[in-house]
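Working notes, beginning with the structure itself.
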Amino acid sequence: MLTSGWKSVSMVDVHGKVTFTLWLCGCNLKCPFCHNWRIAEGFDCFPLDRKALLEELESSAFLVDYFHVTGGEPLMQWQELGTLLAEVKLLNVPVSLNTNLTLVGPLERLLKAGLVDHIATDLKAPPELYGLPEKPSKKLWELFLSGLELVSSYGIPLELRIPVARGLDAWPWVEEGLKHLNTDFYVVLNPLVGRPLTNPRDEVWCSNHCWPEREVEELRERLDGLGIDVHTNHFGDTPAKRVSVSV
Ligand code: SF4
């Protein structure tokens with residue numbers, strides 16, 4: 006199993022929760038804003054020392070709400086992940102999985118085995134945010150919608166993250182996604198940011214679409230209007246604002 010490492014106590018990976026977070030390598034998407042693209046591409050990766058991980062998890066289990074697996078796309082290694090999660094369950098630690106929800110078959114296997122207690126996913130507007138041509142992006146979007154339905158059918162609580170880009174209207178996709186969701190969920194708005202805070206995969210794309218402004222507030226107002234529990238991550242001021250502060 007290829008990993009880029011783990012963090013035994015994290016307070017930033019699942020909203021309002023303390024997690025023990027593991028990063029797994031590989032991904033089936035090419036999101037242009039991805040700041041974990043080196044992990045997604047399999048750089049900086051090494052074989053997981055499962056024994057060391059489980060020992061460390063056991064000693065920090067009393068502190069954490071979830072063993073949280075992220076990446077990359079963890080379901081790229083779903084078979085080994087399934088056996089790891091079965092061992093984590095023996096430690097009585099709830100499991101949270103961050104997935105792009107397009108690998109629906111593997112996800113169903115893990116859900117059926119009762120190995121996942123919480124899901125986090127990004128609702129990404131296709132095709133722009135998938136970084137792939139229109140046709141495969143459309144197909145992936147449909148898989149994502151089936152993923153939302155699957156998670157709902159198992160009644161798994163969901164953190165629905167919405168990456169917010171400058172100059173792109175995510176609302177039609179958000180509206181469609183919400184129609185496929187029938188489980189306990191809350192929304193986290195993630196304004197896309199670039200350097201120096203992150204190292205995005207596509208710098209040119211990011212110079213056009215990172216650092217949104219009114220888009221975040223507009224989405225928040227619409228979601229609030231539907232009575233949805235919404236949280237916004239604040240990663241910093243836009244470059245323009247930071248310049249004006251420094252002069
Ligand atoms: S943002 Fe997530 S789904 Fe997209 S390329 Fe990066 S790891 Fe994969």
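35 is the number that this note's numbering gives to position 30 of the sequence shown; each next residue is one higher, with no gaps. Idealized CB from N, CA, C, for every residue including glycine.
Task: Span separating the alpha-carbon of W210 from that of E181 - done: Residue numbering aside, residue 210 sits at position 205 when the sequence shown is read from its first letter. Residue numbering aside, residue 181 sits at position 176 when the sequence shown is read from its first letter. Cα atoms of W210 and E181: separation of roughly 25 Å, rounded to the nearest angstrom.
Task: 7 Å CB neighbourhood of G77 in its chain, flanking five on each side removed - done: As a working note, residue 77 is residue 72 in the sequence shown. Non-local beta-carbon contacts of G77 in its own chain, meaning distances under 7 Å to residues more than five positions away in sequence, involve W28, L29, C30, G31, C32, N41, I44 and A45 in chain order.
Task: Proximal residues to P59 (C-beta, below 8 Å), its chain only, five neighbours per side dropped - done: By one-based count along the sequence shown, residue 59 stands at place 54. Here residue 59 is Leu; the residue named in the question, Pro, does not match the sequence. Answer for L59: E92, V93 and L96, listed in chain order.
- [ ] Compare the Cα-Cα distances from V17 to each of Y71, S9, C39 and A170 and report the closest residue.
- [x] Taking the sequence shown and counting its residues from 1, one reaches residue 17 at position 12. With distances taken between Cα atoms, V17 lies closest to Y71.
TODO: Label S251 either buried or exposed according to how many other C-beta atoms from any shown protein chain fall within 10 Å of its C-beta, with 16 as the threshold for buried.
DONE: Numbered from its first residue, the sequence shown carries residue 251 at position 246. Any reading at S251 must be qualified, since the residue scores a pLDDT of 29, below 50, and its modelled position is unreliable; the value itself is stated next. Counting Cβ neighbours within 10 Å, S251 comes out exposed, since fewer than 16 surround it.
Task: DSSP-derived helix/strand/coil call for W11 - done: By 1-based counting over the sequence shown, the position of residue 11 is 6. Note: W11 maps to strand in three-state DSSP.
Task: Selected residue, minimal CA-CA separation from L62, among L163, V14, F51 and D229 - done: Here residue 62 refers to the residue found at position 57 when the sequence shown is read from its first residue. Considering only alpha carbons, the answer is V14.
Task: Beta-ladder partner(s) of W42, from DSSP - done: As a first step, residue 42 is located in the sequence shown; it is residue number 37 there, counting from the start. Paired residue(s): none; W42 is not in a bridge.
Task: Nonlocal neighbours in the same chain, by C-beta distance under 7 Å from K22, ignoring five residues either side - done: Start at 1 with the first residue of the sequence shown, and residue 22 comes out as number 17. If we look at K22 and ignore the five residues flanking it on each side, its Cβ neighbours are D70 and Y71.
Task: H20 - DSSP class collapsed to helix/strand/coil - done: As a first step, residue 20 must be located in the sequence shown, where it is residue number 15. Residue state, collapsed to three classes: coil.
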